[in-house]
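Note that the sequence shown covers residues 142 to 754 in this note's numbering.
We put the beta carbon where it would ideally sit given N, CA and C, even for glycine.
Presented below is the structure to which this report refers.
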Amino acid sequence: MRITPLLFVLLCTLTRPATAVDRPNVVWLVSEDNSVHYLKLYDPHGAETPRVAELAEHGLVFDHAFSNAPVCSVARTTLATGCYAPRIGTQFHRKSVAVPMPDGLAMFPEILRNAGYYTANNNKTDYNAIPGGRVWDDSSRSATWNGRRTGQPFFYMQSFPVCHESSLHFNEQQMLSESTTADPDSAFVAPYHPDTPVFRYTAARYHDRIAQMDQQIGAVVDQLTADGLLEETFIFYFGDHGGVLPGSKGYARECGLHVPLVIRVPDKWAHLVDAGVGSRQTGFVSFIDFAPTVLNLAGISVPDQMDGRPFVGSGITQAELNARDEAFGSADRFDEKYDQVRSLRRGRYEYIRNYQPFNFDGLQNNYRYRMLAWQEWRQMFLAGTLNDAQRRFFLPRPAEQLFDVEADPHEVNDLADDPQHEHVLAELRQRMTEWTKSLPDLSFYPESVLAESAFSDPTTFGQENRQAIAAYVDIADLQLIPFAQAEQRIEAALQSDDPWQRYWGLITCSVHGLQAAKFAKTAGHLAENDPEGLVRVRAAEFLGLISATDPQAVILNALTESDSALEVGLMLNSVVLLRDGRPGYEFRVSPELFSPTVRNDDTVARRLEYLVP
């Protein structure tokens with residue numbers, strides 16, 4: 142082909158690297174484990190954060206920003222991919238298998254790199270997906286924006302672990318000897334927590350960590366200023382999910398998902414934002430939207446495989462943004478603790494769907510219970526010294542909950558049974574069912590099944606099994622109607638040729654409890670004869686929860702037969718539930734039950750550490 146002078150100019154224009162003249166820089170400053178409740182910018186009980194407040198004065202404060210998951214690995218994978226974790230197989234913390242990215246999709250910093258950006262990360266990644274190509278030019282403790290070429294635009298991300306949950310793993314001697322700058326006597330105690338010196342000291346100590354984080358944020362801003370980059374750079378400050386006092390991190394509710402988000406708008410690129418600096422935005426945004434937003438600011442098309450959509454940048458109006466009013470959240474396995482919770486925040490209401498509500502919130506998680514406040518909370522429950530709001534954490538939950546977050550910010554007053562909110566409950570219930578089916582939500586299969594059959598290509602597996610997943614959702618939703626109306630469909634599920642329909646039928650029996658006792662004989666047959674070990678365990682679990690038969694022999698036998706560490710981990714979750722919950726069973730579990738491979742798996746080892754001290 143003959144290259145004319147005009148064609149040569151066009152080719153150079155299309156292939157030349159992006160420069161700072163073309164596109165803005167973007168910086169993400171991410172604090173670990175803190176919800177909006179810990180910053181005075183959002184909550185009168187929060188800590189002063191003057192450096193974050195400076196960003197707000199020259200930018201936008203988002204009143205409704207949400208992580209889509211209440212723990213770091215799932216949340217950070219969502220940030221990197223722009224995808225809902227239960228759709229792409231990245232919903233479990235810690236990952237058992239790192240799954241591939243959806244076909245044709247790269248993590249957004251790689252997309253920026255391919256468009257000419259310099260990308261640097263200091264330094265946490267914690268992805269549950271295999272990054273694929275080269276995501277970062279530099280990802281290290283020494284990474285900065287300084288490695289870029291002259292004039293090259295950059296994306297820079299820095300995480301601040303000073304306020305991580307682990308900062309509250311102090312012992313009694315430290316509590317007595319290490320004073321806090323914040324006054325424990327003035328610390329706010331949420332109504333679902335016991336008001337004790339331990340909780341007050343823990344809150345005060347965390348306020349000190351937030352103050353330290355604020356100064357560290359300010360140091361990065363000062364460096365951008367010194368380098369002459371401040372007014373060329375969008376600065377996002379946000380929390381990587383909620384936290385961090387007991388009952389927040391790890392839980393798909395306001396305190397686990399609602400994060401601070403402030404975006405400083407640079408003078409040079411203010412025309413890309415349809416809102417005045419210093420304003421507060423009421424529209425709902427969540428982590429699936431962050432990657433599309435950065436791509437939009439950079440002038441790059443958002444891939445169709447992403448679930449989110451931009452909320453600032455070209456083409457985004459303030460009116461459209463503030464009309465957005467919903468955000469979804471999910472919570473699955475956290476280390477060795479299994480659960481399956483989905484949440485929908487719409488307007489002033491939060492709807493929480495507990496798919497396995499007998500797995501009470503306070504179920505043992507070794508890492509969580511390193512915190513003195515966690516330990517004291519459970520000790521007070523066992524001693525019978527908590528009020529109704531405080532003791533609820535250690536009891537089975539309803540299958541669905543509804544809270545008016547504006548009137549009840551700490552979600553103490555459940556409105557699910559309030560006739561005046563019946564229409565709200567029905568609307569949000571239907572929306573939740575639509576969402577789980579539309580993903581489709583892979584967690585309706587046990588994690589061990591996904592690892593064996595799905596994790597080589599999770600999104601394709603989901604699409605190929607969309608109808609099966611929808612059927613499991615429908616069986617699970619039988620938990621939400623009177624047993625007399627659900628009975629025939631539960632029976633059909635228990636008799637199905639599909640083991641996971643039987644599985645969900647048994648979970649639904651456990652939710653209905655004694656009302657489902659008529660299925661005890663069927664469950665007994667499944668407990669003894671089902672070819673799937675997890676189905677046998679769910680049958681024994683149901684029978685144990687209603688005190689129909691002792692579940693120990695069936696479950697211990699299933700544990701012995703399984704050679705899958707993931708399957709054993711889920712079974713051991715039932716062991717802890719049936720031992721620590723009501724009615725309570727002895728369960729003498731020995732490490733010798735398992736092969737060395739299973740025994741040394743992280744999830745299994747954590748359970749054995751608790752069960753066999």
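Less than 8 Å between the C-beta atoms of Leu675 and Pro587, yes or no? Stepping through the sequence shown from its first residue, residue 675 is reached at position 534. Stepping through the sequence shown from its first residue, residue 587 is reached at position 446. Pro587 sits close to Leu675, with the two beta carbons spaced by under 8 Å.
Can you list, in chain order, the residues of its chain whose CB lies under 8 Å from that of Gly273, leaving out five sequence neighbours each side?
The residue you call residue 273 lines up with position 132 of the sequence shown. Hits under 8 Å: Pro241, Met242, Ala247, Met248 and Glu251.
**OP:** Put Thr760 into one of helix, strand or coil per three-state DSSP.
**Re:** Lying outside 142 to 754, the shown extent of the chain, residue 760 is not represented and no answer is given.
Local Cβ density within 10 Å of Val745, reported as buried at 16 or more and exposed below that
What you label residue 745 is simply residue 604 of the sequence shown in a count that begins at 1. By the neighbour-count rule (16 or more Cβ atoms within 10 Å), Val745 is buried.
Measuring alpha carbon to alpha carbon, tell me which residue in Val435, Lys478 and Ile457 is nearest Tyr258. For the purposes of this step, residue 258 is taken as the residue at position 117 of the sequence shown. Tyr258 has its Cα closest to that of Val435, out of Val435, Lys478 and Ile457.
Minimum Cβ-Cβ distance from Arg405 to chain B less than 8 Å
Among the protein chains of the structure shown there is no chain B, as only one such chain exists.
*asked:* Tell me the DSSP secondary structure of Val553 in three-state form.
replied: To locate residue 553, count along the sequence shown from 1; it is residue 412. In the three-state reduction of the DSSP assignment, Val553 falls in the coil class, being assigned neither a helical nor a strand state.
Legend entry - Element boundaries [beta strand (DSSP E), containing Ala468]: Indexing the sequence shown from 1 puts residue 468 at position 327. For Ala468, the uninterrupted beta strand (DSSP E) run begins and ends at Glu467 to Ala472, by DSSP.
| query | Asp278: buried (16+ other C-beta within 10 angstroms of its C-beta) or exposed? | reply | Stepping through the sequence shown from its first residue, residue 278 is reached at position 137. Flag for Asp278 reads buried.
- Query: Mapping DSSP to helix, strand and coil, what is Gly383?
  - Reply: Stepping through the sequence shown from its first residue, residue 383 is reached at position 242. Secondary structure of Gly383 (DSSP, three-state): coil.
Just grab the DSSP bridge partners of Met573 for me. As a position in the sequence shown, residue 573 is number 432, starting the count at 1. For Met573, DSSP assigns no beta-bridge partner whatsoever.
TODO: Report the residue from Gly369, Glu306 and Ala352 whose alpha carbon sits nearest the alpha carbon of Trp286.
DONE: The residue labelled residue 286 in the question sits at position 145 within the sequence shown. Checked all of Gly369, Glu306 and Ala352; the closest Cα to Trp286 is Gly369.
### Contacting residues, own chain, Cβ-Cβ under 7 Å from Arg474 (five flanking each side not counted)
Taking the sequence shown and counting its residues from 1, one reaches residue 474 at position 333. Leaving aside the five residues that flank Arg474 on each side, the residues in its chain whose CB is nearer than 7 Å to its CB run, in chain order, Phe233, His234 and Glu588.
Report task. List the residues that DSSP assigns as beta-bridge partners of Tyr297. Result -> As a working note, residue 297 is residue 156 in the sequence shown. DSSP output for Tyr297 lists Val168 and Ala261 as bridge partner(s).
For the alpha helix (DSSP H) that Glu758 lies in, which residues bound it at each end? Outside the modelled stretch of the chain, which goes from 142 to 754, sits residue 758, for which no answer is possible.
Comparing alpha-carbon positions, which option in Arg729, Leu317 and Val652 lies nearest Arg494? One-based indexing of the sequence shown puts residue 494 at position 353. Per the Cα distances, Val652.
- Report yes or no: do the region 597-608 and the region 216-230 share at least 3 C-beta pairs separated by less than 8 Å? Counting Cβ pairs under 8 Å, three or more are found: they touch.
- request: Give the single residue among Phe452, Leu713 and Ala261 whose Cα lies nearest to the Cα of Gln293.
  value: As a first step, residue 293 must be located in the sequence shown, where it is residue number 152. Closest by C-alpha distance to Gln293, out of Phe452, Leu713 and Ala261, is Ala261.
**Asked** First and last residue of the beta strand (DSSP E) that includes Pro401?
**Response** Taking the first residue of the sequence shown as position 1, residue 401 is located at position 260. Run containing Pro401: His399 to Arg405, per the beta strand (DSSP E) assignment.
With distances taken between CB atoms, is the gap from Pro325 to Trp518 smaller than 8 Å?
By one-based count along the sequence shown, residue 325 stands at place 184. By one-based count along the sequence shown, residue 518 stands at place 377. No, these two residues do not count as a Cβ contact at 8 Å.
At least three beta-carbon pairs within less than 8 Å, the region 418-432 to the region 193-210: Touching, yes.
Compute the Euclidean distance between the alpha carbons of Gly223 and Asn506, then round it to the nearest angstrom.
-> Residue 223 sits at position 82 when you count from the first residue of the sequence shown. Residue 506 sits at position 365 when you count from the first residue of the sequence shown. Taking C-alpha positions only, Gly223 is separated from Asn506 by approximately 29 Å.
State the DSSP-derived secondary structure class of Glu541, mapped to helix, strand or coil.
Against the sequence shown, residue 541 aligns to sequence position 400. Note: Glu541 maps to strand in three-state DSSP.
### Task
Using only alpha-carbon positions, find the residue among Val678, Gln642, Ser637 and Asp448 that is nearest to Ala617.
To locate residue 617, count along the sequence shown from 1; it is residue 476. Selected option, being the one with the closest Cα: Gln642.
- Query: Excluding five sequence neighbours on each side, which residues of the same chain lie with their C-beta closer than 6 Å to the C-beta of Gln459?
  - Reply: Sequence index remark: in the sequence shown, residue 459 carries index 318 (1-based). The residues are Asp415 and Ala416.
Please report the residue range of the beta strand (DSSP E) in which Leu220 lies. Taking the first residue of the sequence shown as 1, we reach residue 220 at position 79. Residue range Cys213 to Thr222 is occupied by the alpha helix (DSSP H) that includes Leu220, with no beta strand (DSSP E) assigned at that position.
What alpha helix (DSSP H) runs, 4 residues minimum, are completely inside the region 325-375? The DSSP assignment places 338-367 as complete runs of the alpha helix (DSSP H) inside the region 325-375, in order along the chain (cut-off: 4 residues).
With a Cβ-Cβ cutoff of 8 Å, do Tyr342 and Thr322 count as a contact? Translated into the one-based positions of the sequence shown, residue 342 becomes position 201. Translated into the one-based positions of the sequence shown, residue 322 becomes position 181. No, they are not a contact pair.
With distance defined between alpha-carbon atoms, name the residue in Thr337, Arg487, Ser237 and Met354 nearest to Ala595. Counting from 1 along the sequence shown, the entry for residue 595 is found at position 454. The residue with the shortest Cα to Cα distance from Ala595 is Ser237.
_How far does the beta strand (DSSP E) with Ser420 in it extend, from its first residue to its last?_
The residue labelled residue 420 in the question sits at position 279 within the sequence shown. Per DSSP, Ser420 belongs to the beta strand (DSSP E) from Ser420 to Ser427.
TODO: Mind the definition here: the region 548-567 touches the region 688-704 only if three or more C-beta pairs lie below 8 Å; say whether that holds.
DONE: Three or more beta-carbon pairs separated by less than 8 Å are not found between the region 548-567 and the region 688-704, which leaves the two stretches without contact.
Go ahead and pull the three-state DSSP assignment for Asp618. The sequence position of residue 618 within the sequence shown is 477, counting from 1. The answer is helix: DSSP assigns Asp618 an H, G or I state.
Span of the alpha helix (DSSP H), counted from its first residue to its last, around Phe203: Position 62 of the sequence shown holds residue 203. First-last for Phe203: Gly200 to Phe207, but that is the beta strand (DSSP E), not the alpha helix (DSSP H).
ask   = With a Cβ-Cβ cutoff of 8 Å, do Asp174 and His305 count as a contact?
value = Indexing the sequence shown from 1 puts residue 174 at position 33. Indexing the sequence shown from 1 puts residue 305 at position 164. A contact, by the Cβ cut-off of 8 Å.
Report task. Within its chain, find whatever has a CB closer than 8 Å to the CB of Gln656; leave out the 5 residues flanking it on each side and keep chain order. Result -> Taking the first residue of the sequence shown as position 1, residue 656 is located at position 515. Here the set comprises Phe624.
Subject >> Contacts around Glu373, its chain only, beta-carbon distance under 8 Å, and the 5 residues preceding and following it disregarded >> reply: The sequence position of residue 373 within the sequence shown is 232, counting from 1. Taken in chain order, the residues that qualify are Ala161, Pro165, Asn166, Pro407, Lys409 and Trp410.
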